[in-house]
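Peer 1: Here's a structure for you.
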């Protein structure tokens, strides 16, 4: 247990569906992240939030819409996805954003399959 | 952030120490060395990090050479549950750049 939880753990959706991924951290951290890990590829950073404010959007398509209502919760809203969006979606948090001494703690991920 | 080079794979006997090398010859003075691991289909797990000095925690030890151009992660007594992909990352910002890592297989 890392203190970062993600739900659901598995999700299968059609291309016309709308779904949301949820992440919650119980560590009192101020920064939260969404990563994507496709099969046989390295992790890709998608979005970064610091004190609820988005600080980075790594050229992510608009069919992925993040939301950070408070420092403990992070959502990723999904709509009209493509089969190539099937991947493991990982949430992470860290105490602070800047600085080399801030380790990120990851959740278990949501395995998404788009049919 | 500086790039790192790791061997693609290595085997280790259960109960023995596993020494995982990492080269980071272009590291700059304020960049930290981080190690994470990822067990199949799970989220990456933070292991340890260091700047200049050697570090030890309940999971592992990190040995950084004096010129900081390379480092070694040591798992003192490898168990079957240590089988994973291990990533060596050099960073100063919040951005973690995960490469291919080293696939470590611990054998009974």
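Chains as they are written, first to last, in my numbering: chain A, 383 to 497; chain B, 1194 to 1301.
We put the beta carbon where it would ideally sit given N, CA and C, even for glycine.
Keep in mind it's a predicted model, so treat the numbers as computed, not measured.
Along the chain, where does the beta strand (DSSP E) containing residue 458 of chain A start, and where does it finish?
Peer 2: The residue you call residue 458 of chain A lines up with position 76 of the first chain. Start and end: 455-461.
Peer 1: Going by beta carbon distance, what residues of the same chain come within less than 6 angstroms of residue 450 of chain A, once the five residues before and after it are set aside?
Peer 2: Counted from its first residue, the first chain places residue 450 of chain A at position 68. Closer than 6 angstroms at Cβ, skipping near neighbours: 431, 434 and 456.
Peer 1: Measuring CB to CB, does residue 492 of chain A end up less than 7 angstroms from residue 409 of chain A?
Peer 2: Position 110 of the first chain, counted from the first residue, corresponds to residue 492 of chain A. Position 27 of the first chain, counted from the first residue, corresponds to residue 409 of chain A. Cβ atoms of residue 492 of chain A and residue 409 of chain A: not closer than 7 angstroms.
Peer 1: Output yes or no for whether 7 angstroms exceeds the beta carbon distance between residue 405 of chain A and residue 419 of chain A.
Peer 2: Position 23 of the first chain holds residue 405 of chain A. Position 37 of the first chain holds residue 419 of chain A. Cβ atoms of residue 405 of chain A and residue 419 of chain A: not closer than 7 angstroms.
Peer 1: Below 8 angstroms on the Cβ atoms is my contact criterion, and I expect residue 446 of chain A with residue 438 of chain A to pass it. Report the Cβ-Cβ distance as a whole number of Å.
Peer 2: Looking up residue 446 of chain A in the first chain gives position 64. Looking up residue 438 of chain A in the first chain gives position 56. That belief does not hold up - the Cβ atoms of residue 446 of chain A and residue 438 of chain A are roughly 13 angstroms apart, past 8 angstroms.
Peer 1: Name the residue from A:443, A:400, A:423 and A:478 whose alpha carbon lies nearest to the alpha carbon of residue 496 of chain A.
Peer 2: For the purposes of this step, residue 496 of chain A is taken as the residue at position 114 of the first chain. Checked all of A:443, A:400, A:423 and A:478; the closest Cα to residue 496 of chain A is A:400.
Peer 1: Helix, strand or coil: which one does DSSP assign to residue 1273 of chain B?
Peer 2: On the second chain, position 80 is the one that residue 1273 of chain B refers to. Residue 1273 of chain B: helix per DSSP, three-state reduction.
Peer 1: Which residue's Cα is closest to the Cα of residue 1278 of chain B: B:1295, B:1265, B:1255 and B:1268?
Peer 2: If you number the second chain from 1, residue 1278 of chain B lands on position 85. Out of B:1295, B:1265, B:1255 and B:1268, B:1295 has the C-alpha closest to the C-alpha of residue 1278 of chain B.
Peer 1: Give the straight-line distance between the Cα atoms of residue 1255 of chain B and residue 1213 of chain B, rounded to the nearest whole angstrom.
Peer 2: Here residue 1255 of chain B refers to the residue found at position 62 of the second chain. Here residue 1213 of chain B refers to the residue found at position 20 of the second chain. Answer to the nearest angstrom: the Cα atoms are 10 angstroms apart.
Peer 1: Using a Cβ-Cβ distance under 7 angstroms, would residue 488 of chain A count as near chain B?
Peer 2: What you label residue 488 of chain A is simply residue 106 of the first chain in a count that begins at 1. Interface residue, yes.
Peer 1: How is residue 466 of chain A classed by DSSP in three states: helix, strand or coil?
Peer 2: Looking up residue 466 of chain A in the first chain gives position 84. Note: residue 466 of chain A maps to helix in three-state DSSP.
Peer 1: Secondary structure at residue 446 of chain A, three-state DSSP: helix, strand or coil?
Peer 2: For the purposes of this step, residue 446 of chain A is identified with residue 64 of the first chain, where counting begins at 1. Looking at residue 446 of chain A - three-state DSSP - the assignment turns out to be strand.
Peer 1: Which chain B residues are close to residue 421 of chain A, counting only those with a beta carbon under 9 angstroms from its beta carbon?
Peer 2: Position 39 of the first chain holds residue 421 of chain A. In chain order: nothing, as chain B lies at least about 10 angstroms away.
Peer 1: Since residue 491 of chain A meets chain B, which of its residues come closer than 9 angstroms, beta carbon to beta carbon?
Peer 2: Locating residue 491 of chain A in the first chain gives position 109, where the first residue counts as 1. Per Cβ cutoff of 9 angstroms: 1234, 1235 and 1236.
Peer 1: Quick check on the burial criterion: 16 or more other C-beta atoms within 10 angstroms. Buried or exposed for residue 1240 of chain B?
Peer 2: Locating residue 1240 of chain B in the second chain gives position 47, counting from the first residue. Looking at its Cβ environment, which holds 16 or more other Cβ atoms inside 10 Å, residue 1240 of chain B is buried.
Peer 1: Could you have a look at residue 484 of chain A and say whether DSSP puts it in helix, strand or coil?
Peer 2: Translated into positions along the first chain, residue 484 of chain A becomes position 102. It is coil, neither helix nor strand.
Peer 1: Which residues of the region 384-415 of chain A have a Cβ closer than 9 angstroms to any Cβ of chain B? Give them in chain order.
Peer 2: Listed in sequence order: 384, 386, 388, 413 and 415.
Peer 1: Would you mind giving the Cβ-Cβ distance between residue 1196 of chain B and residue 1219 of chain B, rounded to the nearest angstrom? I have them listed as a contact below 8 angstroms.
Peer 2: Taking the second chain and counting its residues from 1, one reaches residue 1196 of chain B at position 3. Taking the second chain and counting its residues from 1, one reaches residue 1219 of chain B at position 26. Right, their Cβ atoms sit about 6 angstroms apart.
Peer 1: Residue 474 of chain A by DSSP, collapsed to three states: which one?
Peer 2: Indexing the first chain from 1 puts residue 474 of chain A at position 92. Residue 474 of chain A: strand per DSSP, three-state reduction.
Peer 1: Give me, in chain order, the residues of the same chain whose beta-carbon lies closer than 6 angstroms to that of residue 1227 of chain B; leave out the 5 immediate sequence neighbours on both sides.
Peer 2: Within the second chain, numbered from 1, the residue matching residue 1227 of chain B stands at position 34. The answer, listed in chain order, is 1242 and 1282.
Peer 1: Run down chain B in chain order and give the residues with a C-beta less than 9 angstroms from the C-beta of residue 430 of chain A.
Peer 2: Mapped onto the first chain, residue 430 of chain A falls at position 48. Those within 9 angstroms of residue 430 of chain A in chain B are 1287 and 1288.
Peer 1: Let me make sure I understand the geometry here. Which of A:385, A:484 and A:395 has the alpha-carbon closest to that of residue 459 of chain A?
Peer 2: For the purposes of this step, residue 459 of chain A is taken as residue 77 along the first chain, with counting starting at 1. Closest by alpha carbon: A:395.
Peer 1: When DSSP builds the beta bridges, which residues end up paired with residue 1280 of chain B?
Peer 2: Here residue 1280 of chain B corresponds to residue number 87 of the second chain, with the count starting at 1. In DSSP, residue 1280 of chain B forms a bridge with B:1229.
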